[in-house]
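> Numbering (my numbering), first residue to last: 1 to 106.
(1) Exposed or buried, which one is residue 74 when buried takes at least 16 other CB atoms within 10 Å?
(2) Do residue 67 and residue 45 have their beta-carbon atoms positioned less than 7 Å apart in this structure?
(3) Quick check for students: name the residue ranges of the beta strand (DSSP E) that lie wholly in the region 45–95, counting only runs of 3 or more.
(4) Rounded to a whole number of angstroms, what is the C-alpha to C-alpha distance between residue 85 and residue 54?
(5) Under the DSSP definition of a beta bridge, which residues are partnered with residue 4?
(6) Go through its chain and collect everything with a Cβ distance to residue 63's Cβ below 8 Å, but skip five positions before and after it.
(7) Just how far apart, CA to CA, sit residue 42 and residue 4?
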């Protein structure tokens, strides 16, 4: 009976504290990172030059949704549910010509 009680208490504790909040008592998602004094800092992604080096620290294959900065290709990539890394997510350096944009008068 004592083992069951301890197991139930541990399960309840993990449910109550399932979200992680850094510098916030009320996380708004699975991971909520806040800096209370100012919002002038960014998020640094894990960096690697070869996606083959990325591992799941718990063992097994890389989890879909894993995001990295690919330093060899100078871009952000994520692991897809098809067990492949995405193509580079990059911002275009080409200016958009506003004359080529068409609008409708709805």
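Backbone N, C-alpha and C fix where the C-beta goes; we use that ideal spot for every residue, glycine too.
It should be emphasised that the depicted structure is a prediction, and the values quoted were computed from it without experimental measurement.
Put simply:
(1) exposed
(2) yes
(3) 67–70 and 75–78
(4) 11 Å
(5) BP columns for residue 4 are empty, so no partner.
(6) 56 and 79
(7) 44 Å
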